[in-house]
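Asks: Okay, here's the structure, questions in a sec.
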Amino acid sequence: MPSLVPTKQIIFDIVREFSIITQPHESKYSVEFNHGGYMFMIFFLCTQWTADNIEAKYACPCAHVYAERAESTHAYNVLKYELDVNVPMTERSLQGTNQIVCMSQEDGLSTAVLHSHTLTIDAITVDGQGATYATSGDSLIVDLPQPYSNGDIFTIEITYHGSWSVTPSQIGFVYYPQQYNSAVQHSIAYTISEPWDARRWMPCYDEPYDKADSGWVVSVTVPDSFVVCANGELIDVTDNPNTTKTYTWKELYPIATYLMHFAVSRYAQWSDWWHDGYGDSVEIRHFMWPADSALSHTSFQHLPAALALYDSLYGPYPFDRYGQDVVYPYEWGGMEHQELSTIHRNWLINQSDRGMAHELAHMWWGDMVTCVDFRDIWLNEGFATYSDANYIWHLYGYGNFMNLMMQRRSYYLQADNAQRRPLYDPPPGQIFNYGYTYCKACWLLHMLRAVDVYHTGTDTTYFDAIAAYRDSFAYGVASTDDLSAVFSYVYGYDMTWFFDEWVYDQGHPEYYVFWLCEPYGQDFLAKIKVNQVQTNAPIFHMPVQIELSTTGGDTIVGMAITSDSEYAEFVVTDSVTSIDFDPNDWILKEHQVFYGVEEYADGHHLPCGLSFSSNPARRVTISYFVPVHGTVRIALYDVSGRLQKNLYAGVQTAGQHEIYVTDLSAGIYFCQLTTATTEETEKLIIIN
Ligand SMILES: [Zn+2]
0 MPSLVPTKQI IFDIVREFSI ITQPHESKYS VEFNHGGYMF MIFFLCTQWT ADNIEAKYAC
60 PCAHVYAERA ESTHAYNVLK YELDVNVPMT ERSLQGTNQI VCMSQEDGLS TAVLHSHTLT
120 IDAITVDGQG ATYATSGDSL IVDLPQPYSN GDIFTIEITY HGSWSVTPSQ IGFVYYPQQY
180 NSAVQHSIAY TISEPWDARR WMPCYDEPYD KADSGWVVSV TVPDSFVVCA NGELIDVTDN
240 PNTTKTYTWK ELYPIATYLM HFAVSRYAQW SDWWHDGYGD SVEIRHFMWP ADSALSHTSF
300 QHLPAALALY DSLYGPYPFD RYGQDVVYPY EWGGMEHQEL STIHRNWLIN QSDRGMAHEL
360 AHMWWGDMVT CVDFRDIWLN EGFATYSDAN YIWHLYGYGN FMNLMMQRRS YYLQADNAQR
420 RPLYDPPPGQ IFNYGYTYCK ACWLLHMLRA VDVYHTGTDT TYFDAIAAYR DSFAYGVAST
480 DDLSAVFSYV YGYDMTWFFD EWVYDQGHPE YYVFWLCEPY GQDFLAKIKV NQVQTNAPIF
540 HMPVQIELST TGGDTIVGMA ITSDSEYAEF VVTDSVTSID FDPNDWILKE HQVFYGVEEY
600 ADGHHLPCGL SFSSNPARRV TISYFVPVHG TVRIALYDVS GRLQKNLYAG VQTAGQHEIY
660 VTDLSAGIYF CQLTTATTEE TEKLIIIN
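Mapping of the sequence shown onto numbering that gives the first Met the number 0: position 29 corresponds to residue 28, and the numbering continues sequentially without gaps.
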């Protein structure tokens, strides 16, 4: 390997140290989870969390303070839902009673606002007393018969029904009769609720930040030829006298309304098991139409391997059991209902193991740690999407992983091209924009990992940060700022810049990289300039790596990025023949590499290389670089700022340009270059 010494001091105000990476593909799939080691840190995060929360409505998310781990940001906190529902399976309708156990979070609580959409409310009682109510849009405002004090527990019971037509596109409560089309083998009904559609089949407080802390129990009564599956554990099946059956399922863990789910059809079922090697087992129970059962054994065979992978990356599976229910017709691919993901029948038919691995990853990220609200949906989908990419790496190799990442880069660039906007707080209808919420978010996790790899040569600390995030927010909710605080704490240096640039701001870096190499005593000097030329976007401070290919071998150097134009020199023992910018594709970016003339490198303070053939000069060739196609103007001013001569004004293509200037009077000038994206001025002295 050639020796490698930066000859200029690089200011590491973003990163404190910077490693040369020799094993860029190194990774690991086993992480030591030393929970005890984070005790201090968890305490730190708790105090920070409440201190930073201006509204101070969140309770502490510490894992050991279960009773206070409510996420409610409204005047009461939902503790539990108990839904009793009748599904006739002959039409798209249901009728039910929902008991909502709540705890008041203020003194004198006299109303409770819930959500309900296209449901008919038949009656409401509170602690057994009849209650009046009003509706306004999706809000169902219940007048409490008596005021409740902070900490009082009360139960709202709502009897309701709903009925809708069977349309090709359905949300909330979905129903299709057998032979609705030729592929509908059996009548099917199911719920699908993310983000705000649980209110379409059950009056509830329908925001992810108020999880039902003690879970939910759902009893579904159906004609006795049907099977019901739902979140959690099947605790009872009752044969009723009227040829119906009532299935009761119980979810023990805190659960957000959008993750609550039941499905009804003539399901077959079978169970797989994953054994963690330490004596614990997780049952994986699948529900599908009987004709698909045989194929499903093949299609679902990779789930234990995915469970093992995530267990090694993220810690123990967070719930007691897992499973999948297969539905059709279905508008989506899959949905991570807690402990029971719902998948499109096509995933079974096409054996789409990556999609199933994605939904499984949501059990940790989305279900156990839930985005505080849907402005932070990127947290759910970024973690799950990067997890399914790592599943691909684990099972099918790094090349397939990287191909998938580059595909997702393309999807993001398309979405960015259609509308440049921040990742945070998607506009209406864009919550599930694939390019942003999934692909860009996936790349953010990749880049957070890169920051660790740059520093330490491994991704150990990245996975330590993930473990700390898990331990701090398990079974609760988290925000971008929470993730930022964890990464800053565990990495040991401030990471807020990363989230400011990539989550709250918009766009991505577009790098123009100039390089050249020249003799330097016995050695060679590689000069590299990295310019960022993106518009309508911030400067990205993500450190970069550059691979130098020399006649004696390849080596990777790192550069910290502190401004839109960064310059560094490296002494190498052999001449550099080419460079590869970000050779391991750690950064979501666009870039071009130019073999630059020396002036570019020497004039590293210039954003895009305005330079003169000589200075002072009698006559001069002005060289300049146009970053993007557009208007260009070059003008000379005297020392008092008066325009002396317009040298060029017009439209030019991106790239290198020259202009030859003679017949100037002797004197001191300021040459100003203005392009569509840049402006720079250099002093020029003309002598005669
Ligand atoms: Zn997802």
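The beta-carbon is built from N, C-alpha and C at its ideal position, and this holds for glycine as well.
#1: So is H296 buried or exposed if we call it buried at 16+ other beta carbons inside 10 Å?
#2: Helix, strand or coil, according to DSSP, for V141 in the structure here?
#3: Quick check on the DSSP output: what are the complete beta strand (DSSP E) runs of length 3 or more inside the stretch 95-182, in order along the chain?
#4: To the nearest angstrom, how far is it from the Cα of Q323 to the Cα of Y435?
#5: For L359, which residues in the same chain have their Cβ closer than 6 Å to its Cβ, ignoring the five residues on either side in sequence?
#6: How is the alpha helix (DSSP H) around Y397 delimited, first residue to last?
#7: DSSP puts T341 in a beta bridge; with which residues?
#8: State the beta-bridge partners of Q651 as determined by DSSP.
#9: How long is the line joining the alpha carbons of D553 and F523, rounded to whole angstroms?
#10: Going by C-alpha distance, which of I685, G127, L143 is nearest A133?
#11: Determine the contact status of P626 and A675, defining contact as a CB-CB distance below 9 Å.
#12: If I follow the unbroken beta strand (DSSP E) through D235, where does it start and stop?
#13: Assign G365 to buried or exposed, taking buried as 16 or more other Cβ atoms, counted over all protein chains shown, within 10 Å of its Cβ.
#14: Report, in whole angstroms, the separation of the C-beta atoms of F688 and V556, which I expect to be a contact under 8 Å.
#15: Quick check: the Cα distance between Y327 and Q184, rounded to an integer number of angstroms?
#16: Could you name the residues of the same chain whose beta carbon sits closer than 6 Å to that of W273, not counting the 5 residues immediately before and after it, in chain order?
#17: Report yes or no: do three or more beta-carbon pairs, one from the stretch 227-245 and one from the stretch 253-263, lie closer than 8 Å?
#18: What are the complete alpha helix (DSSP H) segments, minimum 4 residues, inside the stretch 528-552?
#19: Report yes if the C-beta of T534 is less than 8 Å from at least one heavy atom of ligand 1; otherwise report no.
#20: Are there three or more Cβ pairs, one per stretch, closer than 8 Å when the stretch 334-350 is compared with the stretch 483-496?
#21: State yes or no: is the C-beta of V86 within less than 9 Å of the C-beta of S92?
#22: So, helix, strand or coil for M558, using DSSP?
#23: Looking at the unbroken alpha helix (DSSP H) that takes in Y313, where does it start and where does it end?
#24: Which word fits H628, buried or exposed, when buried means at least 16 other C-beta atoms lie within 10 angstroms of its C-beta?
#25: Tell me whether the beta-carbon of A630 lies closer than 9 Å to the beta-carbon of A648.
#26: Please classify R617: is it buried, with 16 or more other beta-carbons within 10 angstroms of its beta-carbon, or exposed?
#27: Return helix, strand or coil for R284, following the three-state DSSP convention.
#28: Should K528 go down as buried or exposed, given a rule of 16 or more other Cβ atoms within 10 Å for buried?
#29: Check the C-beta distance from W363 over to V502 and give it rounded, since I have them as a contact under 8 Å.
#30: Which residue wins for smallest C-alpha separation from S218, given the options Y75, L412, W248, T459?
#31: Mind checking whether D352 and S298 have CB atoms under 9 Å apart?
#32: Does ligand 1 have even one heavy atom less than 8 Å from the beta-carbon of A383?
#33: Give me, in chain order, the residues of the same chain whose beta-carbon lies closer than 7 Å to that of T549; leave out the 5 immediate sequence neighbours on both sides.
#34: Classify N416: buried if its beta carbon has 16 or more other beta carbons within 10 angstroms, exposed otherwise.
#35: Alpha carbon to alpha carbon, how far is T561 from V543?
#36: What residue does the alpha helix (DSSP H) around I465 start on, and which one ends it?
Replies: Looking at the atomic coordinates:
#1: Answer is exposed; the Cβ neighbour count stays below 16.
#2: In this structure, DSSP gives V141 an extended state, which the three-state scheme calls strand.
#3: 108-114, 119-125, 132-135, 138-147, 152-162, 171-175
#4: 27 Å
#5: A305
#6: 397-417
#7: D324, M334
#8: G629
#9: 14 Å
#10: The shortest C-alpha to C-alpha distance from A133 to any of I685, G127, L143 is the one to L143.
#11: yes
#12: 232-238
#13: With 16 or more Cβ atoms within 10 Å of its Cβ, G365 is classed as buried.
#14: Since the first and last residues shown for the chain are 0 and 687, residue 688 lies out of range.
#15: 9 Å
#16: V281, P303, L306
#17: yes
#18: none
#19: T534 Cβ: outside cutoff for every heavy atom of ligand 1.
#20: Inter-segment contact for the stretch 334-350 and the stretch 483-496 is absent: fewer than three beta-carbon pairs are separated by less than 8 Å.
#21: yes
#22: Taken through DSSP and simplified to helix, strand or coil, M558 comes out as strand.
#23: 302-313
#24: exposed
#25: This sequence places Thr at residue 630; Ala is not what is there. Taking a C-beta distance under 9 Å as the contact criterion, T630 and A648 qualify as a contact pair.
#26: exposed
#27: strand
#28: buried
#29: V502 and W363 do not touch by the CB rule: their CB atoms are close to 20 Å apart, not below 8 Å.
#30: W248
#31: yes
#32: yes
#33: P1, V571, D573, S574, V575, T576
#34: It is exposed - the Cβ of N416 has fewer than 16 other Cβ atoms within 10 Å.
#35: 11 Å
#36: 459-472
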